[in-house]
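This report concerns only the one structure given below.
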């Protein structure tokens, strides 16, 4: 049984560009959450998708947007990248209470 | 969200039990205590969670005090691979009627298991 998978594993972008990160949830899971983890900090909640709708959002600007597909996979889009967007982006999936995390995508903005 | 307080770092000898404390004095009756750990540059790994009773699984045991204001995660026989940052998180249950589904991470405890 595959766990949560994310792609790509690493990504380098320049300021002002746009990026799309992808997440496939664990089999049987219908909910996907996204987190941003800056170096030396704990993960920070970006938003959660359930039934293809954004169910909860953290304190992130509108440059951060997402989507959930009918097969429950999800995308995180970040527009107009800033240097401060450099971080590990984590996807977590769940069915019920417990969230299980993927390995993350490391984004470097130059 | 109820806040948690954890020591910044702890050491443990390999083969010994590691006891990681967490204070959550403002926890409410419908909030779980969750524990995750994160090995360097990997995604957080779920360990265990509990509401009121003590819990045990193949990874660890969770001891919650009777007043629920603190808890201890116990790794019974620590190995070098248990070196990681351990996060204690308090989160409402999904049937509590609210709309807070997120996990709020603090800085966690860096557990170093020494040979």
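Residue numbers (our numbering), protein chains in the order written: chain A, 1 to 110; chain B, 111 to 225. Yeah, the Cβ is synthetic: ideal placement off N, Cα and C, and Gly gets one too. For clarity, every value in this text was computed on a predicted model and none was experimentally measured.
| query | result |
| --- | --- |
| Selected residue, minimal CA-CA separation from residue 46/A, among 79/A, 56/A, 4/A, 38/A | 56/A |
| Option in 73/A, 67/A, 108/A, 42/A with minimal Cα separation from residue 6/A | 73/A |
| Endpoints, beta strand (DSSP E) assigned at residue 213/B | Taken as a continuous stretch (DSSP letters only), residue 213/B belongs to no beta strand (DSSP E), as it is neither H nor E. |
| CB contact below 8 Å: residue 97/A versus chain B | yes |
| Rounded C-alpha distance that separates residue 50/A from residue 69/A | 10 Å |
| Beta-carbon proximity list for residue 79/A, same chain, < 6 Å, skipping 5 on both sides | 18, 63 |
| Per-residue contacts from residue 213/B into chain A (C-beta, under 9 Å) | 33, 35, 43, 45, 92, 99 |
| Which listed residue (113/B, 132/B, 140/B) has its alpha carbon closest to that of residue 205/B | 140/B |
| C-beta neighbour in chain A for residue 116/B, strict 8 Å | no |
| Which listed residue (20/A, 9/A, 48/A) has its alpha carbon closest to that of residue 81/A | 20/A |
| Between the CA atoms of residue 120/B and residue 10/A - distance to the nearest angstrom | 31 Å |
| 6 Å CB neighbourhood of residue 215/B in its chain, flanking five on each side removed | 197 |
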